[in-house]
Each structure stands twice: as C-alpha cells, then as structure tokens.
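Residue numbers for the sequence shown, in the numbering used here: 2 to 176.
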Amino acid sequence: TRPGDEKIWDIANTIRLAELDLPPLLGFASDDSHTYHGADVSPGRGWVMVGAKELDGDALIEAMRAGRFYASSGVLLDAIRFDQDSGTLSLEITPVEGVEFTTEFIGTRRGYDAAAKETGIGEVFGSVRGNRASFSIPEDALYLRATITSTRKHPNPSVPDQKEQAWVQPVGWKK
C-alpha cells in the first residue's frame, strides 16, 4: 500500500528540510474535478482560503507565495497565528452549531529514522478538541503543521465517511 496524501506531504517536507536544505512544500486543496454535469458532479470538494490584503490577483498571489493560506474541504478558520519566538501555533476555528473539531499538530523530529517513513515522519505531536487550539513546536522538530477535522460529514465525499477538514501550512522551520 502507498502512503496517504498527508503522509506523502510529510515525507516530502522532511526530505526538503532535513536533507536538501529547502523550504517545505505548501499544502493545497482542490476538487480536481473532471465532471461538471449529471450524477457524478464533483466540484467544490476542496479549496484554499487566502489571507490577502485585497481581493485582487496581485494581492492573492503575494499572499500565497508568502504561505498565508490554508487548504480546506469545509472547515473555516478565523485566525492562524505562529509566534516565532515561543514556537507556538494558535488556531481559532469558526464555530458551527452541533459540530465538534479536533486539531492534530503534526511534524517530524530531527534524527528521524529515514528507513521507517511510516513511523518517524509525520508524527502526531498532540491533539486538541474545541474551537481554539494551540501547541508549541517541540525543540527537536523540523516543522509543525496542523490538520483540523470536524464531526460534520462532507456533503460530496470522495471517500466513504469523509469529514470536513482544514490543513494549516508547516511553520517553525525558519530557525
């Protein structure tokens, strides 16, 4: 079996940061739709939310190049903050009545076992339930990112029992 998309993202970013001295790859979501009519219609399964100063092309591109965006399949975030000095990533998730959120803080530690990509890369450092979540990057981590999963089912799932999610870009890698 092949690793899932998130694990591949962690493997690529671990190699880029630890072995190639390159910045991490940023995460995108897209519906990758090829069907727009009939029963198999699939647009709107994933998108990016961009923290641009203005709603114009130049501002959007500048914000995306700077990593000021997150990927989503339905979860919305009110705030993403990373304090470089304390190494703390803080998130505020837009509340939805009757919906609960779990945030997993994920990364890879320096000195990871390159041969054991399924265990040492993309480790869940911590998990927080609720609309607010904060976590400080471990001192030996190459990076920290977050995946937020809701209890709400995706309205047009691509896999069985898919829930709405959001993915926050890797932080803490600039040292």
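Yeah, the Cβ is synthetic: ideal placement off N, Cα and C, and Gly gets one too.
In this text, all values refer to a predicted model and were calculated from it rather than measured experimentally.
With a threshold of 16 other CB atoms inside 10 Å of the CB of residue i, please say whether the residue is buried or exposed.
i, result
"R146", "buried"
"G123", "buried"
"D162", "exposed"
"S74", "buried"
"D11", "buried"
Kindly indicate which residue of the options has the alpha-carbon position closest to the one of residue i.
i, options, result
"D141", "T109, R153, R130", "T109"
"N132", "P25, F102, N157", "F102"
"V51", "T152, T95, F70, D22", "F70"
"D32", "W174, V172, V160", "V160"
"P44", "K164, V172, N157", "N157"
"P4", "I149, P171, A117, V49", "A117"
Whole angstroms is fine: what's the gap from residue i's alpha carbon to residue j's?
i, j, result
"R82", "S91", "5 Å"
"G68", "H38", "34 Å"
"F126", "E20", "22 Å"
"W168", "V129", "15 Å"
"W48", "T89", "26 Å"
Name the one or two DSSP bridge partners that residue i has.
i, result
"W168", "A72, T148"
"T89", "D84, S137"
Residue i and residue j look like a contact to me (Cβ under 8 Å); what is the Cβ gap, rounded to whole Å?
i, j, result
"L26", "R17", "7 Å"
"A64", "F29", "Not confirmed; about 13 Å, so no contact."
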